[in-house]
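Structure first, then comments.
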Amino acid sequence: MNNPLTQHGEFIPATQEQAKAKPSIDSRQHSRHSLREDNDSNIVLACDGVTISLFKPTWRGAKAIGIANIKDVGLGGVGMISRCKLTPNQQLSITVDDELIPIIVMRVQIINEKLNFIGAKWGIEDQQKTLSIIKKITSLSDKSV
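Here's what the structure looks like:
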């Protein structure tokens, strides 16, 4: 009778607590297709990929803010490097064949004092439209080879 009564599920002692899975840094739901010729080469020196323009929405339309180079692309989004200082959850547009495509910045990783790697998801819901954009980007990559 010296042991206190506990009901099942009331608590889990720290010694019996199950290890929780750590969230992955790479929490993508879809794989990405690399546009790089050599994935092992330093990304700072990589000249491959597809160069596009970045636009910020304004009340008068879209304003060009810089360029980026797409390094990988997939149904979930796009990975690119740029000199632009972007922040997570920032809404932008990229141009592919003079078409503005909305994206939302999900992560920014500093590569060096001049370059940032930006991971963004598509700002469009239509999967067929997304597939069309991916095909355009990959075909632009193929043309540059």
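For the sequence shown, the residue numbers in our numbering are 57 to 201. Glycine included, C-beta positions come from ideal geometry on N, C-alpha and C.
Best match in the options for proximity to residue i [C-alpha to C-alpha]
i, options, result
"Ile150", "Ser197, Ile189, Ser195", "Ile189"
"Arg163", "Asn172, Asp104, Leu156", "Asn172"
"Gln183", "Thr107, Leu131, Val161, Pro113", "Leu131"
"Ile108", "Lys119, Trp115, Thr114, Ile126", "Ile126"
"Ile167", "Leu110, Thr194, Ile137, Asp104", "Ile137"
"Ile121", "Glu181, Lys192, Gln146", "Gln146"
"Ile180", "Val161, Asp104, Ile157", "Ile157"
"Ile174", "Leu148, Asp104, Lys119", "Leu148"
"Gln165", "Arg139, Gly133, Ile193", "Arg139"
Rounded Cβ spacing between residue i and residue j (contact assumed at less than 8 Å)
i, j, result
"Gly217", "Asp128", "Lying outside 57 to 201, the shown extent of the chain, residue 217 is not represented and no answer is given."
Secondary structure of residue i, DSSP reduced to three states
i, result
"Lys177", "strand"
"Ile227", "With the chain covering 57 to 201 only, the question about residue 227 has no answer from this structure."
"Ser80", "Note that Ser80 scores a pLDDT of 43, beneath 50, so its modelled location is shaky; the value from the coordinates is reported in the next line. Of the three classes helix, strand and coil, the one that applies to Ser80 here is coil, per DSSP."
"Thr114", "strand"
"Ala75", "With a pLDDT of 46 at Ala75, under the threshold of 50, the modelled position of this residue cannot be trusted; read the value that follows with caution. Residue state, collapsed to three classes: coil."
"Asp182", "coil"
"Thr151", "strand"
"Thr194", "helix"
Where residue i falls, given that 16 or more other Cβ within 10 Å makes a residue buried
i, result
"Lys177", "buried"
"Thr143", "exposed"
"Ala124", "buried"
"Thr114", "exposed"
"Ser197", "buried"
"Leu110", "buried"
The ligand FMN heavy atom lying under 7 Å from the CB of residue i
i, result
"Met162", "The ligand FMN is not among the ligands present in this structure, which contains no ligands whatsoever."
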